[in-house]
Amino acid sequence: MGLILGMLILDLGMHTGYVLNQIRVYNLVPNAESRLNTVYMVTNYTGGALGSFLGTYTWGLWQWNGVCGLGFFLLAVAFIAHFSVRKRKSPAV
Numbered sequence: 004m005g006l007i008l009g010m011l012i013l014d015l016g017m018h019t020g021y022v023l024n025q026i027r028v029y030n031l032v033p034n035a036e037s038r039l040n041t042v043y044m045v046t047n048y049t050g051g052a053l054g055s056f057l058g059t060y061t062w063g064l065w066q067w068n069g070v071c072g073l074g075f076f077l078l079a080v081a082f083i084a085h086f087s088v089r090k091r092k093s094p095a096v
């Protein structure tokens, strides 16, 4: 029962993030939804494919320790990228 509940929560979170990211992307440039959607989808699926490749590659080399290390490493990269981009943005006046 816990596994099913966990999968449902994970699926809900993934879909929520997907929809919210699309809303953000569509607000970047008015009347360019199709181009923005193309860029969003290509980067989304490229990132997913790269993550799948890296996950299976690290599993083959180091199994769970490698996969967990990769997860923490990618989380750190995302954290650094997020806050470095936020610092460079000028505040709204």
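4 is the number of the first residue of the sequence shown in the working numbering; add one for each residue after it.
Yeah, the Cβ is synthetic: ideal placement off N, Cα and C, and Gly gets one too.
Could you say which of the options lies nearest to residue i if we only look at CA atoms?
i: residue 56; options: 73, 19, 27, 29; result: 73
What do you get for residue i, buried or exposed, if any count of 16 or more other CB atoms within 10 angstroms of its CB means buried?
i: residue 61; result: buried
Roughly how many whole angstroms lie between the Cα atoms of residue i and residue j?
i: residue 49; j: residue 58; result: 14 Å
i: residue 63; j: residue 27; result: 37 Å
i: residue 18; j: residue 65; result: 31 Å
i: residue 96; j: residue 37; result: Any reading at residue 96 needs caution, since the residue's pLDDT is 46, under 50, leaving its predicted position unreliable; the model's value is listed next. Approximately 30 Å between the Cα atoms of the pair.
i: residue 70; j: residue 33; result: 40 Å
i: residue 25; j: residue 31; result: 10 Å
i: residue 76; j: residue 6; result: 26 Å
i: residue 82; j: residue 89; result: 11 Å
i: residue 87; j: residue 79; result: 12 Å
i: residue 11; j: residue 54; result: 22 Å
i: residue 21; j: residue 43; result: 10 Å
Using a Cβ-Cβ distance cut-off of 8 Å, determine whether residue i contacts chain E.
i: residue 39; result: Absent here is chain E; the protein component of the structure consists of one chain.
Leaving out five residues on either side along the sequence, give the residues of the same chain with a beta carbon under 7 Å from the beta carbon of residue i.
i: residue 29; result: 36, 39
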